[in-house]
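A.B. asks: Structure provided below as structure tokens; questions to follow.
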Amino acid sequence: MKKLICVIAAVSVALLGGCSDKPELIDLSSLESTIDEEVSTPLDTIITSYQQDSYKKQMIGTSASCTFSGENMLIYSSLGQDADDSIGSQTKQFYKLDLKTGECVPMCTVPGCTHDYDAGTACINNAKISRPTAVGDDVWYLSHNTIMKQSGGTSEVIFENKFCTEYEESIYRDYEGHKYVLSSFIVDDDSVYLFGPTYTVRLDRQTMKPEEYIPLSEAMIFSQFVCDGKAYVCNELQELIMVDYNTKEVKKLGDQINNACAYGGMLYYTRYNGGMPSLYCASIDGSGEKKLCDDCYMDFVIKDGKVFYHNYATGGNLRFYDLSTRQDDVIYDGITACDCIVTAEHIDRIFAIGEAYKSGGQGICNIIISVKTDGSGLWTKEIDGTDTIL
Numbered sequence: 003m004k005k006l007i008c009v010i011a012a013v014s015v016a017l018l019g020g021c022s023d024k025p026e027l028i029d030l031s032s033l034e035s036t037i038d039e040e041v042s043t044p045l046d047t048i049i050t051s052y053q054q055d056s057y058k059k060q061m062i063g064t065s066a067s068c069t070f071s072g073e074n075m076l077i078y079s080s081l082g083q084d085a086d087d088s089i090g091s092q093t094k095q096f097y098k099l100d101l102k103t104g105e106c107v108p109m110c111t112v113p114g115c116t117h118d119y120d121a122g123t124a125c126i127n128n129a130k131i132s133r134p135t136a137v138g139d140d141v142w143y144l145s146h147n148t149i150m151k152q153s154g155g156t157s158e159v160i161f162e163n164k165f166c167t168e169y170e171e172s173i174y175r176d177y178e179g180h181k182y183v184l185s186s187f188i189v190d191d192d193s194v195y196l197f198g199p200t201y202t203v204r205l206d207r208q209t210m211k212p213e214e215y216i217p218l219s220e221a222m223i224f225s226q227f228v229c230d231g232k233a234y235v236c237n238e239l240q241e242l243i244m245v246d247y248n249t250k251e252v253k254k255l256g257d258q259i260n261n262a263c264a265y266g267g268m269l270y271y272t273r274y275n276g277g278m279p280s281l282y283c284a285s286i287d288g289s290g291e292k293k294l295c296d297d298c299y300m301d302f303v304i305k306d307g308k309v310f311y312h313n314y315a316t317g318g319n320l321r322f323y324d325l326s327t328r329q330d331d332v333i334y335d336g337i338t339a340c341d342c343i344v345t346a347e348h349i350d351r352i353f354a355i356g357e358a359y360k361s362g363g364q365g366i367c368n369i370i371i372s373v374k375t376d377g378s379g380l381w382t383k384e385i386d387g388t389d390t391i392l
């Protein structure tokens, strides 16, 4: 493992100066946390990127998911697996990265556990889970048609879904048990926003009782975020749809849109116009669209007035776009594929997980990249070949 950093004095100069060429070793204790007024990510606290078939073979840690718990980042991914493994054979592992020390350990706390297939059902590292999300000191996750809560090393069901639309009835007609499967959820102070393949529902967080289920369209939901009592979802038809949980209104806001989030009262989203997607902004109702930059490869995060995104077209780099100055610069060059880009309200950094060229220039490795929102403190952690993240 390598702990790498460059201290960048000014975003406008040093980010273009090839900071990743000759980084210096540091101790992660220099990482700091601050409270920010406004932060937004395309999938709220957890991001899972979609990869087109043509790019899947280039991914090692396909569909990494990240969430934050205090000073720890929880990572659910196939990081560290052999690139020659088929995507279908890769298993995901669940890790906790200490943002102060850089220590990365399995989420499983069972004494003596080997965290492999033979570890048994008590090992959360090999449990069949999806969308793990830190909620206070606990971890909530989806397991088929249930929301599970892990607390103190034990898991319990806190919600079981028994709803489906005619669409799920039809597509899962040969797999009866699959029609109630859940896709994602977002938690705030009072509510849980739950998403099935083509519908959504709001739950009371205290009682976990659902309100009225709201069908959205006959197309699989691709990504979603929640803002001011409304959900905005992108589906497999590349439609951006808004749903108001209070009025039950469902409205299509745009087409050819793959991922979206809200920031500063505006919508930001990626749209395909042939080739790689570009980043746009519009009013919260979808009107007044304006193009910001090209080649924003779907996953992005907005924090402190800057859009952090992956540019695939130029050989692969992590970039930022300043919303006030329109400055668009490179943060880290040589990231060939990006699973997810995430941040949190109490952290003054963004994190990207993906695949990059090794620092020595020989071959490809998995990588975690982090940088402060002012452009300083670039830090990377390489996961080489078949090594585990540990």
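Every position in the sequence shown, counted from 1, becomes a number in the working numbering once 2 is added.
Using N, Cα and C, we set each Cβ at its ideal position, and we do this for glycine too.
It should be emphasised that the depicted structure is a prediction, and the values quoted were computed from it without experimental measurement.
(1) Verify whether the separation of the beta carbon atoms of ILE188 and TYR195 is less than 8 Å.
(2) In the structure shown, what three-state DSSP assignment does ASN261 receive?
(3) Just to confirm, are ASN248 and PRO279 a CB contact at a threshold of 8 Å?
(4) By the three-class DSSP mapping on this structure, what secondary structure does GLU158 have?
(5) By the 10 Å Cβ neighbour count, where 16 or more other Cβ atoms means buried, how is THR156 classified, buried or exposed?
(6) In the segment 226–286, which residue ranges form an unbroken alpha helix (DSSP H) of at least 4 residues, counting only runs that do not cross its ends?
(7) Give the single residue among LYS130, PRO108, PHE70, GLN95 whose Cα lies nearest to the Cα of LEU101.
(8) Could you say which of SER79, GLU105, TRP142, CYS110 lies nearest to ASP95 if we only look at CA atoms?
(9) In whole angstroms, give me the CA-to-CA distance for GLN240 and MET222.
(10) Just confirm the distance between the C-beta atoms of MET109 and LEU76, as a whole number of angstroms; I'd bet it's less than 8 Å.
(11) Compute the Euclidean distance between the alpha carbons of SER361 and THR338, then round it to the nearest angstrom.
(12) Would you check if the distance between the CB atom of ALA358 and the CB atom of GLY379 is smaller than 8 Å?
(13) Candidates ILE349, CYS298, THR375: which alpha carbon is nearest GLY72's?
(14) Per the DSSP calculation, PHE1 is bridged to which residue(s)?
(15) Terminal residues of the continuous alpha helix (DSSP H) containing SER172?
(16) Quick one: is SER225 buried, meaning 16 or more other Cβ sit within 10 Å of its Cβ, or exposed?
(17) Of all the beta strand (DSSP E) runs that stay within the bounds of the segment 312–392, which reach a length of 3 or more residues?
(18) In the DSSP assignment, the beta strand (DSSP E) including ASN74 goes from what residue to what residue?
(19) I need the straight-line Cα distance from ILE149 to GLY198, nearest angstrom please.
(20) Under a Cβ-count criterion, where at least 16 other Cβ atoms within 10 Å of its own Cβ denotes burial, should GLN152 be classed as buried or exposed?
(21) Secondary structure at ILE2, three-state DSSP: helix, strand or coil?
(22) Can you say whether THR438 is buried or exposed, counting buried as having 16 or more other CB atoms within 10 angstroms of its CB?
(23) At which residues does the beta strand (DSSP E) containing GLN208 begin and terminate?
(24) Buried or exposed: which applies to ASN74, given that a residue is buried once 16 or more other Cβ atoms fall within 10 Å of its Cβ?
(25) Would LYS374 be called buried (16 or more neighbouring beta carbons within 10 Å of its own) or exposed?
(26) So the candidates are SER326, ASP330, ILE371; which of them puts its Cα closest to the Cα of THR345?
(27) Pull up the DSSP beta-bridge partners for PHE224, would you.
(28) With a threshold of 7 Å on Cβ separation, who are the neighbours of TYR201 within its own chain once the five nearest residues in sequence on each side are excluded?
(29) Quick check on this structure: which residue in ASP376, ALA354, GLU384 has the alpha carbon closest to the alpha carbon of GLY365?
(30) Alpha carbon to alpha carbon, how far is VAL107 from HIS146?
(31) Buried or exposed for GLU178, going by 16 or more other Cβ atoms inside 10 Å?
(32) Just checking my contact of PHE161 with LEU205 at CB under 8 Å: how many whole Å lie between their CB atoms?
C.D. replies: Let's see:
(1) Their beta carbons are under 8 Å apart, which means ILE188 touches TYR195 by this criterion.
(2) In the structure shown, ASN261 sits in a strand (DSSP, three-state: E or B).
(3) With a cutoff of 8 Å on beta-carbon distance, ASN248 and PRO279 are scored as not near each other.
(4) If DSSP states are grouped into helix, strand and coil, GLU158 belongs with the strands.
(5) So THR156 counts as exposed.
(6) Those alpha helix (DSSP H) runs which fall completely within the segment 226–286 and span 4+ residues do not exist here.
(7) Taking only the C-alpha atoms, the option nearest LEU101 is PHE70.
(8) The sequence given here has Gln at residue 95, not Asp. Comparing Cα positions, the closest option is SER79.
(9) In a straight line, the C-alpha of GLN240 is about 10 Å away from that of MET222.
(10) That pair is a contact at about 7 Å.
(11) Here the alpha carbon of SER361 sits roughly 13 Å from the alpha carbon of THR338.
(12) No Cβ-Cβ contact shorter than 8 Å links ALA358 with GLY379.
(13) Checking every option, the nearest Cα to that of GLY72 belongs to ILE349.
(14) Since the first residue of the chain shown is 3 and the last is 392, residue 1 is not available in this structure.
(15) Note, SER172: alpha helix (DSSP H), 168–173.
(16) Buried.
(17) Segments of the beta strand (DSSP E) lying fully in the segment 312–392: 319–324, 330–335, 337–344, 351–359, 366–374, 380–385.
(18) Counting along the chain, ASN74 sits inside the beta strand (DSSP E) bounded by residues 74–79.
(19) Cα to Cα, ILE149 sits roughly 12 Å from GLY198.
(20) In the assembly as shown, GLN152 is a buried residue. Its beta-carbon has 16 or more other beta-carbons within 10 Å.
(21) Here the chain comprises residues numbered 3 to 392, so residue 2 is not present and cannot be evaluated.
(22) It is not possible to answer for residue 438, since the shown part of the chain is limited to 3 through 392.
(23) Annotation: GLN208 is outside any beta strand (DSSP E) and is labelled neither H nor E by DSSP.
(24) Buried: at least 16 other Cβ atoms inside 10 Å.
(25) With at least 16 other beta carbons inside 10 angstroms of its own, LYS374 counts as buried.
(26) Ranking SER326, ASP330, ILE371 by CA distance to the CA of THR345 puts ILE371 first.
(27) As DSSP reads the structure, PHE224 sits in no beta bridge.
(28) The answer, listed in chain order, is THR167, TYR215, ILE216, PRO217, LEU218.
(29) In terms of CA proximity to GLY365, GLU384 leads the group ASP376, ALA354, GLU384.
(30) Linking VAL107 to HIS146 through their CA atoms gives a straight-line distance of about 26 Å.
(31) Result: exposed.
(32) Right, the Cβ-Cβ distance comes to about 7 Å (below 8 Å), so this counts as a contact.
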